[in-house]
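End of the sequence shown = 419 in our numbering, gap-free, step of one.
The beta-carbon is built from N, C-alpha and C at its ideal position, and this holds for glycine as well.
All of these numbers come straight from a predicted model, not from anything done at the bench.
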Amino acid sequence: MKILITGGGGLLGTALVRSMPTNFEVGATFRSALPTQPTDHFDPYQLDICDRDTLMDIVHRVHPDWIIHTASIGNVDYCEQHQDESWQVNVVGTQHVIEACTSCHIRLIYTSSNAVFDGDHAPYSEEDPTNPKHHYGKTKLASERLIQESGLDATIIRPMMMYGWNTPPQRSNPVTWMLSELSQHKALRLFDDVYGNPLLASQCADAIWICVRDQHYGLFHI
């Protein structure tokens, strides 16, 4: 089975590459410098997800059975401050992936977020109404709707806040940020009005590989 992962340099993309099944052929796209050389079962590709033509070229060369679309701007504050850019990456980029999947009859897994909810009535099920409070959540919900309207064989994953060991140029996540600050004997300024169930990136990757292996379609909270 052939798999193409977008956002291979991110926290989840890295976890997916590290845990890829040995009997799969996997390619992954990277916006910055490629981290590794091709191997028998893994090929890296340079891609800005906003570059539709390059994406289509990669997809037509690889012709994957599945695309796992993780590429996005995930920093909530950055999305709020750069709304046009984050819409282009998170929503228009997803539209490009949908077009590629449609043209080559490829199945799609999309990583959304629990940020599609307002947080006022947690915990949420997959059937609960969405109501994003900030721009990042709005981009994720808009992408979900594009996928649902596309008619593709698709799986939408809504992970909780993910954590794991990040490596440059990956951004810090709450766990690695706190460890870094504490190791430098810095005081932490935290909030006490947000509740969640942090998700280890490798566990999210395991769940995604199960969806691929067993062909689970639909909407899933992880």
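Contact check, residue i vs residue j under 8 Å by CB: the rounded distance?
i    : j    : result
A339 : V288 : 5 Å
N328 : R355 : Not quite, the Cβ-Cβ distance comes to about 14 Å (not below 8 Å), so this is no contact.
T267 : G210 : 5 Å
Closest to residue i by C-alpha separation, out of the options, would be which residue?
i    : options                   : result
Q285 : K337, G205 and Y360       : K337
Q243 : H257, P261, G224 and H260 : G224
Y414 : I306, V313, H332 and C276 : I306
A398 : I200, T203, V214 and L201 : V214
H257 : H318, L387 and I200       : I200
P320 : S283, D245, Y392 and C301 : Y392
E352 : F314, R342, L379 and S380 : One point to set straight first is that residue 352 is Thr, not Glu, in the sequence displayed. Answer by Cα proximity: R342.
C196 : H238, S309 and I270       : No statement about residue 196 is possible, as the shown extent of the chain runs from 198 to 419 and does not include it.
T430 : Q381, M375 and T226       : Since the displayed the chain opens at 198 and closes at 419, residue 430 lies outside it and no answer follows.
P371 : M358, G207 and H382       : M358
P232 : I255, D281, M217 and G206 : G206
M217 : C408, I419 and H418       : C408
K330 : Q278, T364, D254 and F314 : F314
T251 : I265, S380 and R228       : R228
Enumerate in chain order the residues of its own chain whose CB-to-CB distance from residue i is below 7 Å, with the five nearest sequence positions on each side excluded.
i    : result
D240 : G224
V259 : K199, L201 and G224
E378 : L385
Exposed or buried, what is residue i when buried is set at 16 or more other beta-carbons lying within 10 Å of its beta-carbon?
i    : result
M198 : exposed
H293 : buried
I344 : buried
T291 : buried
L208 : buried
K383 : exposed
So, at 6 Å on beta carbons, what are the nonlocal neighbours of residue i in its own chain, with the 5 sequence-adjacent residues on each side left out?
i    : result
Q412 : none
Y333 : V273, C276 and A312
N394 : M357
E222 : K199 and H238
Between residue i and the rest of its own chain, which residues show a CB-CB distance below 8 Å, the 5 nearest in sequence each way excluded?
i    : result
I295 : L305, L343, I344, S347 and L349
A404 : I354, F417 and I419
In chain order, what are the residue ranges of uninterrupted beta strand (DSSP E) at least 3 long that sit wholly in the region 234-288?
239-243 and 263-266
Jot down the residue ranges of each uninterrupted alpha helix (DSSP H) in the region 370-394, minimum 4 residues, whole runs only, in chain order.
371-380
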